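Undergrad: The structure follows.
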Amino acid sequence: MADARGAGVVHAADGPRELQHHFDSMAQQKDASSLGMWLFLVTEILFFGGLFTAYTIYRWMYSAGFADASRHMDVRLGTINTAVLICSSLTMAMAVHSAARGRRRPLMGFLAATMVLGAAFLGIKAREYAEHIENHLFPGAGFHYAGPHGRPAELFFSLYFAMTGLHALHMIVGFGLLTVLLVQARKGRYGTGWSTPVEMTGLYWHFVDIVWIFLFPLLYLIGRHAH
Amino acid sequence: MPVTGQSETHEHVVSPGSYVAVFLALLVLTATTTAVAFVDLGPWNTVVALVIAFIKAALVVLIFMHIRWSSRMMKLVIVGGLFWLLILMGLTFSDFASRGWLPIYN
Amino acid sequence: MAAAEYIEPVASPPRENYLNVKYGVKSWLLTRDHKRIALLYLASITFFFFLGGLFALLIRLELLTPAGDLVQAETYNKLFTMHGLVMIFFFLIPSIPAVLGNFLIPMMIGAKDLAFPRLNLLSWYIYVVGALFTLWAVVHGGVDTGWTFYTPYSTASSNGHVIATAVGVFITGFSSILTGLNFIVTIHTMRAPGLTWFRLPLFVWSHYATSLIMVLGTPVLAVTIFMVAVERIFRLGIFDPALGGDPILFQHLFWFYSHPAVYIMILPAMGVISEIVSTFSRKSIFGYKFVAFASVAIAVLGFLVWGHHMFVSGQSVYAGLIFSVLSFFVAIPSAVKVFNWTATMYRGSISWRTPMLYAFGFIGLFTIGGLTGLFLATLGVDVHVHDTYFIIAHFHYIMVGGAIMGYLGGMHYWWPKISGKLYPEGLAKFAALVIFVGFNLTFFPQFILGYMGMPRRYHAYPPEFQVLNVMSTAGASILGIGYILPMAYFIWSMRYGRNAPANPWGATGLEWQTPSPPPTENFIVPPVVDRDPYIYSPEVETIG
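Residue numbers (my numbering), protein chains in the order written: chain Z, 43 to 269; chain Y, 9 to 114; chain H, 415 to 958.
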């Protein structure tokens, strides 16, 4: 199987090299991979779902306190971060597109762009965390809140750090996956016959984006109209 | 060849143009949701925010994640997962919502 | 081969099989063969079974006398906590799926392996790592919160190694999730040609249903434990009442998984029973489709009833009503199965081999456990017996009288296939009887104790309860001996047992069409299926 390294397009053979021994065909293997990844994403829905459930209950119980606390979030940074992740989803989709067409250079470019955008997101998040901690908004002994809503606000921030922290952990894992993909792409491993790992990572990355799509309004945009 | 649930009904080619269109729609929706948050709609603020979020999520799932061109099986898997989350949220919420109904809780 | 007691021995085992194809520790620890991975799990869960049993022994010793004189209260709290955690998470939940499911599902569907063999091996390693965290906690003084980790005790006050144990359970949960994921994908995409859904053995159907629960429920447990851990480590306050947090919210999230978890523990055993009852009645399972759908119904309905663990916690009465009604519904598919197994045996050609003894034991004891579950689903009754020994008896009837008997029945039934050897039938029957007697002597008195008001999780009790407690401890000793016997003779049979033919029981199913033990790739010729399962006729008895 020749990798046309110098040329623009890589044709991976549709045959034995990527076909694992226990599968009858590439189609069956691809089916299994897709179903497997989607099932994994369903587990992630339930995983984050537990935190969203806690959030829903407490927001319903303490709507005023949650609205008050939400006003301490930086809407600008939150909106920018949302846009950053949406951009990264575009570059990821384009990476999958390039991989399936065997276009090695664009694939590497889009993967790198996705990583840069992901890193930007994490950087902005870190900046926000630092600000919150400085403003005594991290729950626990150092928590200090002006106004009557201190207790529900501490609940809000407990959930905020747990949910965005878990989300950030998922982004870091995604970053690791993208690194592996970039290394493999450079070696010309993905092409017209086989680009499954890129597609599967793409599904994961889009899912992490979707979680943020819900986190953003729920954490940053409550009670904005009150002031 | 075993009869299996095909993940994609056929190898569908999605043009980069579609991706860019979805991308722009997502940005517009993001700007919208932030802007609307500053307008007082009373209880409807939450509804609007969630509806926009669902539309954004749907765009990502259907186009970026290719579900629009996938088999019924895959669609069922996603719907199933969401439905299960609704069971968790719904039944749990029913407890908290109905606690005040009996006067003994004074 | 109807009711004859004698099995024609095979002169020597087949040449190359999955056991002897490669020797050495690396060939086992780095294997991708689902059959070897099943045996790796067998070794690990057996270890944890005996560890959990050790905790049980200490509990029962303490309860011989009314005074709390063997161990201090705090130590006793640790003992019942560790007993529960170890038995549930490190023995029962993996047991049948990770050992028998892993071994048999690819064979039953005519495949060479599971869909993701490396993920399967990773699942085992994840299980081991999680188990090591928990072992570390045990060795360093244990946890005393009860296996249920209720807040705010677990998040704020407990002085035990909550975080280490929580991390251990969290990690092991992913072993369960990945196994379930692997099974679902395998059953969907890798069935042999001609093997439609309604030609699948019921063992596969019940594992499919179990896998649905594993995939949908375990993640919620994982995130809940994650919340407990971060609350303890970072002093976040998600369940802290001082901040307005609600400990009942923890219970909702915890039981959303932990109730369906009991169906993870029983459904696979039900699958085993379907196979055994059919084979040893030499008759097709009555109402195959009903049994198949009942498995899925149990999995689905099982997610709607978790609040019946919380009737007296402070949950609203209306929620309690809803959960009570739904809990009655979940009993229906289980009852359907019991009726169908019984109808299968009616006018069948019954063979009293050891697996069938365990199946009989299962059906009787599971029925008692299940019916007492209906007592508990009745809100008014549960108010009185909640947190008493009635509950303990109820779930031990299902988990031990049901699930463990199903597990042992399955281990005896498929032992010839797994090891290529026959276990000693006479001794095995004796052990089954010892287990049955020991079990009932241990746990039936506990129904009475609970009804009379003895609370659970106390190391001391009023003197009038002593007689029944002594009976229970006596039963537990007998039960312990009963469990040691199979372990001993299974190991003995590996060296000294007679060689097993491909199909010692004259059973149907693809796994019996291949040698005992099977070759690594399972089938010398990939099978094609052209008939329904459980059809008994002379031409079915082929030697692979």
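For glycine and all other residues, C-beta sits at the position ideal for the given N, C-alpha and C. Note that the structure is a prediction, hence the values are computed from the model and not measured.
1) Tell me, which residues are paired with G233/Z by DSSP?
2) Count the other CB atoms, across all protein chains shown, that sit within 10 Å of the CB of P24/Y; report buried if there are 16 or more and exposed otherwise.
3) Can you look up L61/Z in the DSSP assignment and give me helix, strand or coil?
4) With a threshold of 8 Å between beta carbons, is A135/Z in contact with chain Y?
5) Between the C-alpha atoms of V22/Y and A135/Z, what's the straight-line distance to the nearest angstrom?
6) Residues of chain Z with a CB under 8 Å from the CB of A29/Y: which are they?
7) Please work out which residues of its chain come closer than 7 Å, Cβ to Cβ, to M150/Z, disregarding the five sequence neighbours upstream and downstream, and give them in chain order.
8) Look at the alpha carbon of Y903/H and the alpha carbon of W247/Z, and state the distance between them as a whole number of angstroms.
9) List the residues of chain H that Q226/Z touches, going by C-beta distances under 8 Å, in chain order.
10) Answer yes if the segment 198-209 of chain Z comes into contact with the segment 650-660 of chain H, meaning at least three C-beta pairs across the two stretches below 8 Å, and no otherwise.
11) Can you grab the Cα-Cα spacing for the pair G658/H / F717/H, in whole Å?
12) Measuring CB to CB, does I812/H end up less than 8 Å from G778/H?
13) With the cut-off set at 8 Å, would you say T565/H and P661/H are in Cβ contact?
14) Answer with yes or no whether the minimum CB distance from M641/H to chain Z is below 8 Å.
15) Quick check on T100/Y - is its C-beta less than 8 Å from some C-beta in chain H?
16) Tell me the rounded alpha-carbon separation between W720/H and W669/H.
17) What in chain Y is Cβ-close to Q729/H, meaning under 7 Å?
18) How many angstroms separate the CA atom of N573/H from the CA atom of V513/H?
19) Answer yes or no: does any C-beta atom of chain Y fall closer than 8 Å to that of I87/Z?
20) Mind checking if I95/Y is an interface residue toward chain H, Cβ cutoff 8 Å exclusive?
21) Given S26/Y, which residues of its chain have a CB within under 8 Å of its CB, disregarding the five upstream and five downstream residues?
22) What whole-angstrom Cβ distance do A525/H and M604/H have, given they're in contact under 8 Å?
23) Looking only at C-alpha atoms, which of W236/Z, F256/Z and F249/Z sits nearest to S276/Z?
24) CB-CB under 6 Å to A452/H, same chain, minus the five flanking residues each way: which ones, in chain order?
25) Can you give the beta carbon distance from L478/H to T887/H, rounded, assuming they're within the 8 Å contact cut?
26) Under a three-way DSSP split, which group does P838/H fall into?
27) Tell me the rounded alpha-carbon separation between A61/Y and M205/Z.
28) In the DSSP output, which residue or residues are listed as bridge partners for N913/H?
29) Report back the beta-carbon spacing between M866/H and F858/H to the nearest angstrom; my notes put them in contact at under 8 Å.
30) R169/Z by DSSP, collapsed to three states: which one?
31) Check the C-beta distance from P360/H over to F700/H and give it rounded, since I have them as a contact under 8 Å.
32) Could you check whether the segment 869-876 of chain H touches the segment 936-950 of chain H, counting it as contact only if at least three pairs of C-beta atoms, one from each stretch, sit closer than 8 Å?
33) Can you grab the Cα-Cα spacing for the pair G88/Y / D483/H, in whole Å?
34) Going by Cα to Cα distance, which pick from V253/Z, T234/Z and G265/Z is closest to S140/Z?
35) Closest to I598/H by C-alpha separation, out of A529/H, P830/H and P838/H, would be which residue?
36) Output, in chain order, the set of chain Y residues within a Cβ distance shorter than 7 Å of A125/Z.
TA: Per the coordinate set shown:
1) Along the first sequence, read from residue 1 onward, the residue named residue 233/Z stands at position 191. In the DSSP assignment, the residues bridged to G233/Z are W236/Z.
2) Mapped onto the second sequence, residue 24/Y falls at position 16. The residue in question, P24/Y, is exposed, as its Cβ has fewer than 16 Cβ neighbours within 10 Å.
3) Counting from one through the first sequence, the residue named residue 61/Z turns up at place 19. DSSP, reduced to helix, strand and coil, places L61/Z outside both helices and strands of the structure shown, so it counts as coil.
4) For the purposes of this step, residue 135/Z is taken as residue 93 along the first sequence, with counting starting at 1. Interface annotation, A135/Z: in contact with chain Y, CB-CB separation under 8 Å.
5) For the purposes of this step, residue 22/Y is identified with residue 14 of the second sequence, where counting begins at 1. For the purposes of this step, residue 135/Z is identified with residue 93 of the first sequence, where counting begins at 1. When rounded, the distance between both Cα atoms is 10 Å.
6) Translated into positions along the second sequence, residue 29/Y becomes position 21. From the beta-carbon of A29/Y, no residue of chain Z is found nearer than 8 Å; the closest lies around 10 Å away.
7) As a first step, residue 150/Z must be located in the first sequence, where it is residue number 108. Here M150/Z has L224, A227 and R228 as same chain residues with Cβ atoms under 7 Å from its own Cβ, once five neighbours each way along the sequence are excluded.
8) For the purposes of this step, residue 903/H is taken as residue 489 along the third sequence, with counting starting at 1. For the purposes of this step, residue 247/Z is taken as residue 205 along the first sequence, with counting starting at 1. C-alpha separation (whole angstroms): 52 Å.
9) Here residue 226/Z refers to the residue found at position 184 of the first sequence. Under the 8 Å cutoff, chain H gives no residues; its nearest Cβ is about 17 Å from Q226/Z.
10) With the cut-off at 8 Å, the segment 650-660 of chain H and the segment 198-209 of chain Z touch.
11) What you label residue 658/H is simply residue 244 of the third sequence in a count that begins at 1. What you label residue 717/H is simply residue 303 of the third sequence in a count that begins at 1. If you take the alpha carbons of G658/H and F717/H, they lie about 28 Å apart.
12) Locating residue 812/H in the third sequence gives position 398, counting from the first residue. Locating residue 778/H in the third sequence gives position 364, counting from the first residue. At a Cβ-Cβ threshold of 8 Å, I812/H and G778/H do not count as neighbours.
13) Working through the third sequence from its first residue, we reach residue 565/H at position 151. Working through the third sequence from its first residue, we reach residue 661/H at position 247. T565/H places its beta carbon less than 8 Å from that of P661/H.
14) Within the third sequence, the letter at position 227 stands for residue 641/H. Judged by the 8 Å Cβ criterion, M641/H is in contact with chain Z.
15) Taking the second sequence and counting its residues from 1, the one referred to as residue 100/Y is at position 92. Yes, T100/Y counts as interfacial toward chain H.
16) Here residue 720/H refers to the residue found at position 306 of the third sequence. Here residue 669/H refers to the residue found at position 255 of the third sequence. Distance between the alpha carbons of W720/H and W669/H is about 5 Å.
17) For the purposes of this step, residue 729/H is taken as the residue at position 315 of the third sequence. Residues of chain Y with a Cβ closer than 7 Å to the Cβ of Q729/H are, in chain order, D103.
18) To locate residue 573/H, count along the third sequence from 1; it is residue 159. To locate residue 513/H, count along the third sequence from 1; it is residue 99. Cα-Cα distance, rounded: 36 Å.
19) Residue 87/Z sits at position 45 when you count from the first residue of the first sequence. At least one CB atom of chain Y sits nearer than 8 Å to the CB of I87/Z.
20) One-based indexing of the second sequence puts residue 95/Y at position 87. Judged by the 8 Å Cβ criterion, I95/Y is in contact with chain H.
21) In the second sequence, counting from the first residue as 1, residue 26/Y sits at position 18. Excluding sequence neighbours, S26/Y sits near I71.
22) Here residue 525/H corresponds to residue number 111 of the third sequence, with the count starting at 1. Here residue 604/H corresponds to residue number 190 of the third sequence, with the count starting at 1. That pair is a contact at about 4 Å.
23) What is shown of chain Z runs 43 to 269, which leaves residue 276/Z out entirely.
24) The sequence position of residue 452/H within the third sequence is 38, counting from 1. Same-chain partners within the cutoff: V513, N516 and F517.
25) Working through the third sequence from its first residue, we reach residue 478/H at position 64. Working through the third sequence from its first residue, we reach residue 887/H at position 473. With a Cβ gap of about 5 Å, L478/H and T887/H count as contacting.
26) Here residue 838/H corresponds to residue number 424 of the third sequence, with the count starting at 1. DSSP places P838/H in coil when its eight states are reduced to three.
27) Locating residue 61/Y in the second sequence gives position 53, where the first residue counts as 1. Locating residue 205/Z in the first sequence gives position 163, where the first residue counts as 1. Here the C-alpha atom of A61/Y lies approximately 17 Å from the C-alpha atom of M205/Z.
28) Here residue 913/H refers to the residue found at position 499 of the third sequence. Partner(s): K835/H.
29) Locating residue 866/H in the third sequence gives position 452, where the first residue counts as 1. Locating residue 858/H in the third sequence gives position 444, where the first residue counts as 1. Going by Cβ atoms, the distance from M866/H to F858/H rounds to 13 Å, so no, they are not a contact pair.
30) Looking up residue 169/Z in the first sequence gives position 127. Helix.
31) Nothing about residue 360/H can be reported from this structure: the residues present for chain H run from 415 to 958 only.
32) At 8 Å Cβ cutoff, the stretches do not touch.
33) The residue labelled residue 88/Y in the question sits at position 80 within the second sequence. The residue labelled residue 483/H in the question sits at position 69 within the third sequence. Going by the C-alpha atoms only, they are around 52 Å apart.
34) Translated into positions along the first sequence, residue 140/Z becomes position 98. From the listed residues V253/Z, T234/Z and G265/Z, the smallest Cα separation to S140/Z is found for T234/Z.
35) Working through the third sequence from its first residue, we reach residue 598/H at position 184. Comparing Cα positions, the closest option is A529/H.
36) As a working mapping, residue 125/Z is identified with position 83 in the first sequence. Those within 7 Å of A125/Z in chain Y are L35 and T38.
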